[in-house]
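Asker: Dropping a structure here in structure tokens format, bear with me for questions.
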Amino acid sequence: MRNPFHIGTDIYLRPLEPEDVPSLTDWTTRPAIRTVLDLFYRPLGQSAADLFLERTKNDAHDIALGIVAQETETMLGFIGLNRIDQENSHIQLGFFLGEQKADGERYLSEAVGLMQRYVFAVLGMNRLWLYVDAAEARTINLLERQGFVREATLRQDRYLDGQYADTVVMGQVRGYGGD
Amino acid sequence: MTGSQVYLRPLTGDDAAAFVPWVNDAEVTRTLAVGAAVMDRQAEQAWIEKMNASGSDVLFGIAIQETGRLIGSIGLNQIDFRYRGASLGMMIGEKSMWGKGYGTEATRLVVRYAFEKLHLNRVQLHVYEYNLRGIRVYEKVGFRLEGVLRQEHVYDGRFWDTVVMAILREEWEKRPALPEADPRKT
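In the order they appear, the protein sequences are chains H and V.
For the first sequence, the positions run 1 to 179 when this note's numbering is used.
For the second sequence, the positions run 1 to 186 when this note's numbering is used.
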């Protein structure tokens with residue numbers, strides 16, 4: 001393991017490095033991931049990775065980590081925190097898996113679990129939340145299994161492929177399961 | 001924009017003085033997302049100028065028709081022309097003007113502006129669970145409850161839930177007509 005920040009059973013989370021740019025470029029130019037990152041609306045090549053790295057590193061409170069498989073040392077995706085609100089004690093979670101593998105959901109659950117522990121036990125936050133596309137039933141189920149609750153559905157919140165799409169707000173509060 | 005009781009007008013840096021007592025009054029700010037920061041005239045002036053220069057915010061002063069007295073502000077923030085959405089925020093700073101329907105009328109005017117002038121599709125807002133007066137105003141205008149963000153806000157030493165409400169263009173277009181003004185009262 002190289003520079004591990006959080007270590008799980010099958011994966012570990014580590015800081016992103018300049019040598020991750022090729023992987024990130026590949027991922028951040030794929031349509032599905034560009035949609036998740038809200039980068040889909042303009043053509044992007046190599047600059048997508050730079051834009052993404054810049055977006056995740058331009059604030060001292062933002063935390064961006066790569067999800068890496070322990071056995072193969074392959075970077076599978078990304079998980080991060082942003083929009084910290086110290087006064088109200090909450091922070092936003094974001095993630096994507098670049099490599100769609102059979103074990104993807106298991107790895108992602110593990111990564112989310114590591115971040116939950118970090119947010120509540122290390123950062124001392126009271127609330128962790130995120131936006132999920134309402135059509136992403138598998139992600140919503142995964143988060144529910146991790147203790148998140150579907151708190152709100154923002155109707156026609158985004159415009160994708162010629163039609164409006166709903167966004168779900170999922171939240172977890174300290175002491176209410178999972179943390 | 002003009003209603004029957006209030007009108008909305010642009011704010012300038014000169015209006016900052018009126019806002020300073022309001023944004024430092026705990027009774028006023030308990031329903032606002034302004035945090036615990038102390039606001040002086042310069043900060044307030046900078047905020048008004050920043051809003052006026054912004055391409056993604058619109059800010060109006062709320063003034064009484066009869067007297068021209070400024071009683072608060074209302075605006076649209078995070079205007080996103082790609083998704084055609086925005087967030088609404090309002091403050092009636094003059095406490096003696098609470099409960100008179102001015103907020104409801106100002107909200108209607110701004111929502112109409114959002115749909116008819118800016119051609120938006122969705123206007124949303126966050127309101128704290130203890131702001132029952134606010135929730136009633138927004139329901140009256142046609143906002144619908146979309147969910148409750150648990151323990152999203154700290155006030156007075158404890159966590160409170162934040163209510164998410166929104167109105168869509170299609171709901172605004174189908175709203176029932178307002179009752180005609182009673183001629184006996186005019």
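C-beta: ideal position from N, C-alpha, C; glycine also.
Taking DSSP's pairing of strands, which residues face residue 91 of chain V in a bridge?
Answerer: Along the second sequence, one-based indexing puts residue 91 of chain V at 91. V:73, per the DSSP bridge assignment.
Asker: Mind listing the chain H neighbours of residue 16 of chain V? Cutoff is C-beta to C-beta under 9 Å, in chain order.
Answerer: In the second sequence, counting from the first residue as 1, residue 16 of chain V sits at position 16. Simply none; closest approach about 24 Å.
Asker: Is residue 59 of chain V near residue 72 of chain V, with beta carbons less than 7 Å apart?
Answerer: The residue given as residue 59 of chain V occupies position 59 in the second sequence. The residue given as residue 72 of chain V occupies position 72 in the second sequence. No; because the gap between Cβ atoms is not below 7 Å, this pair is not in contact.
Asker: Candidates H:109, H:163, H:158: which alpha carbon is nearest residue 141 of chain H's?
Answerer: Numbered from its first residue, the first sequence carries residue 141 of chain H at position 141. Out of H:109, H:163, H:158, H:109 has the C-alpha closest to the C-alpha of residue 141 of chain H.
Asker: Between the beta-carbon of residue 138 of chain V and the beta-carbon of residue 165 of chain V, is there less than 7 Å?
Answerer: If you number the second sequence from 1, residue 138 of chain V lands on position 138. If you number the second sequence from 1, residue 165 of chain V lands on position 165. In contact: residue 138 of chain V and residue 165 of chain V (Cβ atoms closer than 7 Å).
Asker: Identify, in the order they occur along the chain, each residue of the same chain with its Cβ nearer than 7 Å to the Cβ of residue 172 of chain V, setting aside the five sequence neighbours on each side.
Answerer: Stepping through the second sequence from its first residue, residue 172 of chain V is reached at position 172. Contacts found: 111, 115, 142.
Asker: Listing by chain order, which chain H residues have their CB less than 7 Å from the CB of residue 43 of chain V?
Answerer: Translated into the one-based positions of the second sequence, residue 43 of chain V becomes position 43. None at all; the shortest Cβ gap to chain H is about 17 Å.
Asker: Using a Cβ-Cβ cut-off of less than 7 Å, give me the residues of the stretch 130-157 of chain V that come near chain H, in sequence order.
Answerer: Those residues of the stretch 130-157 of chain V that come within reach of chain H (Cβ to Cβ, closer than 7 Å) are 146, 147, 148, 149, 150, 151, 152, 153, 154.
Asker: By how many angstroms is the C-alpha of residue 83 of chain H removed from the C-alpha of residue 118 of chain H?
Answerer: On the first sequence, residue 118 of chain H is found 118 positions in, with the first residue counted as 1. On the first sequence, residue 83 of chain H is found 83 positions in, with the first residue counted as 1. Rounded to the nearest angstrom, the two C-alpha atoms are 16 Å apart.
Asker: Could you give the DSSP three-state label for residue 176 of chain V: helix, strand or coil?
Answerer: In the second sequence, the residue the question calls residue 176 of chain V occupies position 176. Residue 176 of chain V: coil per DSSP, three-state reduction.
Asker: Are there three or more Cβ pairs, one per stretch, closer than 8 Å when the stretch 24-36 of chain H is compared with the stretch 95-108 of chain H?
Answerer: Contact between the stretch 24-36 of chain H and the stretch 95-108 of chain H is present, because at least three Cβ pairs lie under 8 Å.
Asker: Could you tell me the alpha carbon to alpha carbon distance between residue 149 of chain V and residue 175 of chain V, rounded to whole angstroms?
Answerer: Position 149 of the second sequence, counted from the first residue, corresponds to residue 149 of chain V. Position 175 of the second sequence, counted from the first residue, corresponds to residue 175 of chain V. C-alpha separation (whole angstroms): 27 Å.
Asker: Identify every run of the alpha helix (DSSP H) within the stretch 54-91 of chain H, keeping only runs that are complete inside it and at least 4 residues long; order them along the chain.
Answerer: Listed in chain order, there is nothing to give.
Asker: Under 8 Å, CB to CB, which of the residues in the stretch 92-124 of chain V have a partner in chain H?
Answerer: Hits within the stretch, in order: 121, 122, 124.
Asker: Would you call the stretch 22-38 of chain V and the stretch 90-105 of chain V touching, i.e. three or more CB-CB distances under 8 Å?
Answerer: Counting Cβ pairs under 8 Å, three or more are found: they touch.
Asker: Alpha carbon to alpha carbon, what distance is there between residue 21 of chain H and residue 54 of chain H?
Answerer: Sequence index remark: in the first sequence, residue 54 of chain H carries index 54 (1-based). Sequence index remark: in the first sequence, residue 21 of chain H carries index 21 (1-based). Rounded to whole angstroms, residue 54 of chain H to residue 21 of chain H spans 12 Å at the Cα level.
Asker: With 7 Å set as the bound, which would you pick, yes or no: does the beta-carbon of residue 88 of chain V sit closer than that to a beta-carbon of chain H?
Answerer: The residue you call residue 88 of chain V lines up with position 88 of the second sequence. No, its Cβ sits nowhere closer than 7 Å to a Cβ of chain H.
Asker: For the stretch 134-151 of chain H against the stretch 7-19 of chain V, are there 3 or more C-beta pairs whose distance is under 8 Å?
Answerer: Cβ pair count under 8 Å is below three, so no.
Asker: Starting from residue 168 of chain V, find everything on chain H with Cβ-Cβ shorter than 8 Å and list it in chain order.
Answerer: Against the second sequence, residue 168 of chain V aligns to sequence position 168. Going along chain H in sequence order, the residues near residue 168 of chain V (Cβ under 8 Å) are 155, 156.
Asker: If you follow the alpha helix (DSSP H) that residue 116 of chain H is in, where does it begin and where does it stop?
Answerer: The count along the first sequence starts at 1 and reaches residue 116 of chain H at position 116. Residues 104-117.
Asker: Could you name the residues of chain H that residue 85 of chain V contacts, counting a contact when the two beta carbons are closer than 7 Å?
Answerer: Here residue 85 of chain V is taken as the residue at index 85 of the second sequence, counted from 1. Within 7 Å Cβ-Cβ: 157.
Asker: Closest Cβ-Cβ distance between residue 164 of chain V and chain H: below 7 Å?
Answerer: Within the second sequence, residue 164 of chain V is the residue found at index 164, counting from 1. Taking Cβ atoms only, chain H reaches closer than 7 Å to residue 164 of chain V, which makes this a yes.
Asker: Counting contacts by CB-CB distance shorter than 7 Å, is residue 21 of chain H in contact with chain V?
Answerer: On the first sequence, position 21 is the one that residue 21 of chain H refers to. Answer no: the Cβ-Cβ gap between residue 21 of chain H and chain V never drops below 7 Å.
Asker: Between the stretch 118-152 of chain H and chain V, which residues of the former have a C-beta closer than 9 Å to a C-beta of the latter?
Answerer: For the stretch 118-152 of chain H, which is checked against every Cβ of chain V, the residues closer than 9 Å are 126, 127, 129, 149, 150, 151, 152.
Asker: Using the beta-carbon count (16 or more within 10 Å), is residue 67 of chain H buried or exposed?
Answerer: For the purposes of this step, residue 67 of chain H is taken as the residue at position 67 of the first sequence. The residue in question, residue 67 of chain H, is buried, as its Cβ has 16 or more Cβ neighbours within 10 Å.
Asker: Report the option in H:107, H:120, H:49 whose CA atom is closest to the CA atom of residue 90 of chain H.
Answerer: Counting from one through the first sequence, the residue named residue 90 of chain H turns up at place 90. Of the candidates H:107, H:120, H:49, the one whose C-alpha sits nearest the C-alpha of residue 90 of chain H is H:120.
Asker: Pick from H:100, H:102, H:7: whose alpha carbon is nearest that of residue 65 of chain H?
Answerer: Walking along the first sequence from the start, residue 65 of chain H turns up at place 65. Ranking the options by Cα distance to residue 65 of chain H, first place goes to H:7.
Asker: Is the stretch 124-131 of chain H in contact with the stretch 164-175 of chain H, if contact means three or more CB pairs nearer than 8 Å?
Answerer: These segments touch.
Asker: Spell out the partners DSSP gives residue 160 of chain V in its beta bridges.
Answerer: On the second sequence, residue 160 of chain V is found 160 positions in, with the first residue counted as 1. Paired residue(s): V:153.
Asker: Within the chosen definition, does the stretch 32-45 of chain V reach the stretch 154-164 of chain H through at least 3 CB pairs nearer than 8 Å?
Answerer: Verdict: no, contact absent.
Asker: Whole angstroms is fine: what's the gap from residue 132 of chain H's alpha carbon to residue 49 of chain V's?
Answerer: Taking the first sequence and counting its residues from 1, one reaches residue 132 of chain H at position 132. Taking the second sequence and counting its residues from 1, one reaches residue 49 of chain V at position 49. Whole-angstrom Cα-Cα distance: 35 Å.
Asker: From the DSSP output, in three-state form, read off residue 167 of chain H for me.
Answerer: On the first sequence, position 167 is the one that residue 167 of chain H refers to. DSSP places residue 167 of chain H in strand when its eight states are reduced to three.
Asker: Pull up the DSSP beta-bridge partners for residue 80 of chain V, would you.
Answerer: Sequence index remark: in the second sequence, residue 80 of chain V carries index 80 (1-based). For residue 80 of chain V, which the question treats as bridged, DSSP gives the partners V:85.
Asker: Just to confirm, are residue 28 of chain V and residue 102 of chain V a CB contact at a threshold of 7 Å?
Answerer: Reading the second sequence from its first residue, position 28 is the one you call residue 28 of chain V. Reading the second sequence from its first residue, position 102 is the one you call residue 102 of chain V. The answer is no: Cβ separation not under 7 Å.
Asker: For the alpha helix (DSSP H) holding residue 49 of chain V, just list the boundary residues, first then last.
Answerer: Position 49 of the second sequence holds residue 49 of chain V. First-last of the alpha helix (DSSP H) with residue 49 of chain V: 41-53.
Asker: Please report how far the alpha carbon of residue 155 of chain V lies from the alpha carbon of residue 124 of chain H, in whole angstroms.
Answerer: Within the second sequence, residue 155 of chain V is the residue found at index 155, counting from 1. Within the first sequence, residue 124 of chain H is the residue found at index 124, counting from 1. In a straight line, the C-alpha of residue 155 of chain V is about 18 Å away from that of residue 124 of chain H.
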